[in-house]
Amino acid sequence: MDSYLTTDDANPRVAARTSRSAQTRPARRGRRTTEGADNAGERPDARQSDRLARALGWFSIGLGIAEVVAPQGVARLVGLEEDDGNHRLLRGIGMREIASGIGILSQRKPTPWVWSRVAGDALDLALLGSALRSDKAQRGRIVAVTAAVLGVTALDVYVGTRLYRNADGGATDDAGDNTVEIKTALTVGRSPQEVYRFWRDFDNLPRFMNHLEAVRITGERTSHWKAKAPVGMTVEWDAEIIEDRPNELIVWQSLENADIENSGSVRFAPAPGNRGTEIMLEMRFHPPGGTIGARFARMFDEVPKMQMRNDLRRFKQVLETGEVVHSDDSIEPGPNPARPSERIPAL
Amino acid sequence: MRANCWEGKQKVRVEDVPDPKILNDRDAIVRVTSTAICGSDLHLYNGFIPSMVKGDILGHEFMGEVMEVGKGVKKLKVGDRVVVPFTISCGACWMCKQELYSLCENSNPNAWMAEKMFGHSPAGIYGYSHLTGGYAGGQSEFVRVPFADVGPLKIENGFTDEQVLFLSDIFPTGYMGAEMCDIKPGDVIAVWGCGPVGQFAIASAFLLGAERVIAIDRFPARLRMAERNTKAETINYEEVDSILDTLKEMTGGRGPDACIDAVGLEAHSPGLQHTYDRAKQMMRMETDRPIALRQAIMACRNGGTVSVIGAYGGFIDKFPIGSLMQRSITIRTGQCHVQRYMKPLLARIENGEIDPTFVITHRLSLEDAPEAYDMFLHKEDECTKVVLRP
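Residue numbers (the numbering used here), protein chains in the order written: chain B, 699 to 1045; chain S, 6 to 395.
Encoded structure:
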C-alpha cells in the first residue's frame, strides 16, 4: 500500500480528531443535536429542573430513613393509629422513598424516578384516605398531612413534566428536538485525497449508495437529491454545501422546500498506520410530523443507520476492489436463497 | 444444473437450479469435478448456524475446471484446473494485505448481519449461511467464484482431485490449528476431535516438529486412523474416568503444551455436562456446546496455548475464564486464512511429506448427498470424509 501520511501531515489530523471528539461527546440528556449540545451547555430552566429534582431526591431519602428507623414517631406525627401493621406499612413506604431518592440522585436520567415519586404519592394519598375512615386515627393531623402530601405531589408532577420536556422535546422552540441523527464510521484503504475526490463527485454516489436514486449538480455549491423513503416513496431536496475543506470535510444542508429537512457532514481523516482514510458520516433529519414524527422515526433509526452503513461499505468496495461485490443473496432485495437467480439480474 | 440444497433442519435435497452467471468482472465460473462434505456443514445441517434460507446451495470444499472468466480476471483462463479456498477474499483490503484472508473487509455483502451477531464481520464463505454473504456453495455442478485471481490455486502437476481437494479447507485449517500452537522442540500437543480437521491438525503438529501428539475422540475408527497415519497416541474419552487426569498422567503432571479444539460447537461427552449443555442449547440459553473447549483450557499446561479451529457460531456458557486468566493461557483462533497456506501445503504434498487422501472413507455421487449427510452425521460405516462427484 502506498504511504498516505507523511509526518508533516500530523498536525491537521490532530486538529481534526480534537474537533471530532468534541462533536461526538454524548449530549447529556436524551438525543439533542450536536448544535444543541454545543450551545453553551444547558439552558437555565433545565438546570433549575435538575436542582429541584435533586432536592426531591434528598427529601425522599430523609423521609424514607425516618419511616424505616422510627415508624412509631412518624405514625404519631401523622396521626395514624399505632399498631404493628401500620409500622410495617410505614417501613415499606420508607424503603420505597429511599429507592426513589437514590434513583433520582444516582441516575443520569432522573425523570422516571421522579415519576416513581408521583406514583408513590398517589399510593400514599390512597392510604391516607383509608386512614381517615378509621375510628382510631386523629383526623385533624391526617387532613393536614394529606394537604402536605398533595403539595409534594404537585411539586413532583411539576418537576417530572419539566424534566420530560427538557429531555425529549415537546418544546417546539428548540430546533434540535425533532431531529433524528445517524452517525457511522468506516475505514477505506485509500488516501484522503482519493476518498474526498470520489465522494465530492456527488452524481457518482447513486451508483452504489442504494438509498439514493439520483443526484444532479445544479450549481457551484448546490445539488438536487432524490432518495428512497419507506414504503416505496421517494423524497427530494436541494442541498447546499456550507463547508468544503478539500480532503477533510464536506458539510451540507437542505434548502427550503425540501421534502425532508436534513443536514449532514462527512469527515475524512488519515487512518493511523497507513490504513487509508477514516470516514465519519453524520446525517440529521427533521422528519415531517414534528416531534411525534421524530419520536416515531427514532424508534426505527436502526434501519436508516444500517442502510447508511451498507452504502458506506459499498463505497469502500468500489474504491478498494473496483466494483460493488455481489452474492447470490445480495443481488435481489429481501432474503432469498443462496443460489443462482432465475433471471439475469440488472446490476 | 444439479445442486445440493438445504431444505431445513437435517434435510438436504439435490435439485435442479439455474446455472451460475458472472456477476462481477473478477468472477470465474468453475465446473466442479470434486466436492466434499465438511464437518462444519453438519452444523448447518443440524440448524445450529443462524440465517440459513430454504434452498441455499451448500458446500465450501470444491475444485474443478474454469469454464468462464469475467473481464477483470488476469491470472486464470478457461480450462485451468483449480482448487478454490472456502474463504472469499478480495486481496485488496487491509486484512487481505495482512494475509488475514478470512477477515476480508469487502467479500461479505451481508456484513451488517454479521455485525449484529459478531460485532464486526468476517469474510464471505461459499454455502455457509447468509451471515457470511449468502453465496451459493460448491456441492453443485457449477459454481461462481468471486475474486478468481485471489483465491483459486492452479493445479498443473497432474495430481488427482483427491490429492489436492482438501487444500480448499481442512488441510490448511488443521495446519493453521497446529501453527497457532507455536510448536517448539519437545512440545506435547493434544488434539480434541479426530474428524478430518483433527486428522490434519495431528499430522501438521508432527510436520511442525511436535515431540508427541495425543489424539482424543470417542470413535475407535477415527482414533485408529490417527494411529495408522501418524505416531499419535490416542485417548478414547468414553473409556477413561477423567480426560484431565489421563492427560496429566501422560504428560508428567504438566499438561499438554498446547491443546487444539478441532470439535467446535456440537461437542459430546459422557455424563451430566453434555446433558446440561444440550438442554441449554435446546432452550436457546446457549447456542454452542463448548465441552471440548472447556476441557482443552483446563487440561493445558500453565502458560500454554489453546488453539481453536472447531467452528463456533454464537454464545457459550460456563467458560473457564478463571483457569485461562490465572494460568496465563493464550487462546488463538480463527477461520482459516486458506490463501496463506495453499501454496506451501501443495509443496508439502509434492515433496511427499503428506498424502491428504488418507482421510477419505467414502466416494459418492453428488446425487447421493442426502444419504451422505445422514451417514456422516451418524458416523455410520465409520464415515469420516465423503467426497462427492457431480
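Here a beta-carbon is modelled for each residue, glycine too, at the ideal position from N, C-alpha and C.
Asked                                                                                                                                                                                        : Found
Below 7 Å between beta carbons: does that hold for residue 92 of chain S and residue 128 of chain S?                                                                                         : yes
Taking only beta-carbon positions, decide if residue 90 of chain S is within less than 7 Å of chain B.                                                                                       : no
Please check the pair residue 932 of chain B and residue 911 of chain B, which I expect to be a contact at CB under 8 Å, by giving their CB distance rounded to whole angstroms.             : 6 Å
Taking 7 Å as the CB-CB cut-off, is residue 61 of chain S touching chain B?                                                                                                                  : yes
Could you compute how far the alpha carbon of residue 82 of chain S sits from the alpha carbon of residue 75 of chain S?                                                                     : 10 Å
Grab the span of the alpha helix (DSSP H) containing residue 415 of chain S for me, first residue to last.                                                                                   : Examination of residue 415 of chain S is not possible in this model, given that chain S is present from 6 through 395 alone.
Taking any Cβ of chain B, which residues in the region 113-128 of chain S have a Cβ under 7 Å from it, in chain order?                                                                       : 114, 115, 116 and 117
Can you check whether the C-beta of residue 893 of chain B is within less than 7 Å of a C-beta belonging to chain S?                                                                         : no
For residue 270 of chain S and residue 953 of chain B, I'd like the C-alpha separation in whole angstroms.                                                                                   : 55 Å
Answer yes if the region 845-854 of chain B comes into contact with the region 888-898 of chain B, meaning at least three C-beta pairs across the two stretches below 8 Å, and no otherwise. : no
Out of S/68, S/186 and S/101, which one is the CA nearest neighbour of residue 342 of chain S?                                                                                               : S/101
One question on the structure: do residue 25 of chain S and residue 1038 of chain B come within less than 7 Å of each other, judged by their Cβ atoms?                                       : yes
Does residue 804 of chain B pass the burial test, meaning 16 or more other C-beta atoms within 10 Å, or should it be called exposed?                                                         : exposed
Could you tell me the distance, in whole angstroms, from the CA atom of residue 319 of chain S to the CA atom of residue 176 of chain S?                                                     : 25 Å
Threshold first: 4 residues or longer. Then list the alpha helix (DSSP H) segments lying entirely within the region 302-367 of chain S, N to C.                                              : 326-331 and 343-355
Anything in the region 16-42 of chain S with a Cβ closer than 7 Å to a Cβ of chain B? List those residues in chain order, please.                                                            : 22, 23, 24, 25, 26, 28, 29 and 30
Relative to the C-alpha of residue 333 of chain S, which residue among S/221, S/257, S/224 and S/304 is closest?                                                                             : S/304
Drop a sphere of 10 angstroms on the beta-carbon of residue 738 of chain B, count the other beta-carbons inside from all chains shown, and report buried for 16 or more, exposed for fewer.  : Caution applies to residue 738 of chain B, whose pLDDT of 42 falls short of 50 and renders its modelled position unreliable; the value that the coordinates give is listed next. Answer is exposed; the Cβ neighbour count stays below 16.
Could I get the ranges of all uninterrupted alpha helix (DSSP H) runs contained in the region 956-1037 of chain B, with 4 residues as the minimum, in chain order?                           : 988-997 and 1000-1019
Can you tell me whether residue 291 of chain S is buried or exposed, with buried defined as 16 or more other CB within 10 angstroms of its CB?                                               : buried
If I measure Cβ to Cβ from residue 780 of chain B and keep anything under 8 Å in the same chain, skipping five residues before and after, which residues do I get?                           : 770, 773 and 774
Any Cβ of chain B within less than 7 Å of the Cβ of residue 111 of chain S?                                                                                                                  : yes
Can you pull the DSSP bridge partners for residue 952 of chain B?                                                                                                                            : B/937
Can residue 317 of chain S and residue 50 of chain S be called in contact, C-beta distance under 7 Å?                                                                                        : no
Between which two residues does the alpha helix (DSSP H) containing residue 54 of chain S stretch?                                                                                           : Premise fails: residue 54 of chain S is in no alpha helix (DSSP H) and is neither H nor E.
CB-CB under 6 Å to residue 111 of chain S, same chain, minus the five flanking residues each way: which ones, in chain order?                                                                : 95 and 98
Take residue 133 of chain S and list the residues in its own chain whose beta-carbon comes closer than 6 Å to its own, dropping the five residues that flank it on each side.                : 65
Name, in chain order, the residues that DSSP records as bridge partners for residue 240 of chain S.                                                                                          : S/221
Less than 6 Å between C-beta atoms, sequence neighbours within five positions excluded: which residues of the same chain meet that for residue 126 of chain S?                               : 113, 116, 119 and 120
Per DSSP, which residues does residue 165 of chain S bridge with? Please list them.                                                                                                          : Answer by DSSP bridge pairing: none, since residue 165 of chain S is not bridged.
Which residues in chain B sit within 9 Å of residue 151 of chain S, going by Cβ to Cβ distance?                                                                                              : 1023, 1024 and 1025
Are the CB atoms of residue 212 of chain S and residue 347 of chain S within a distance shorter than 7 Å?                                                                                    : no
Do the region 383-390 of chain S and the region 212-230 of chain S meet, that is, are 3 or more Cβ pairs less than 8 Å apart?                                                                : yes
Which whole-angstrom value is the C-beta distance of residue 362 of chain S and residue 161 of chain S, which I expect to be below 8 Å?                                                      : Actually they do not touch by this definition, with Cβ atoms about 19 Å apart.
Terminal residues of the continuous beta strand (DSSP E) containing residue 372 of chain S?                                                                                                  : Premise fails: residue 372 of chain S is in no beta strand (DSSP E) and is neither H nor E.
If you scan the region 904-937 of chain B from start to end, which runs of the beta strand (DSSP E) of 3 or more residues do you find wholly inside it?                                      : 910-915 and 920-926
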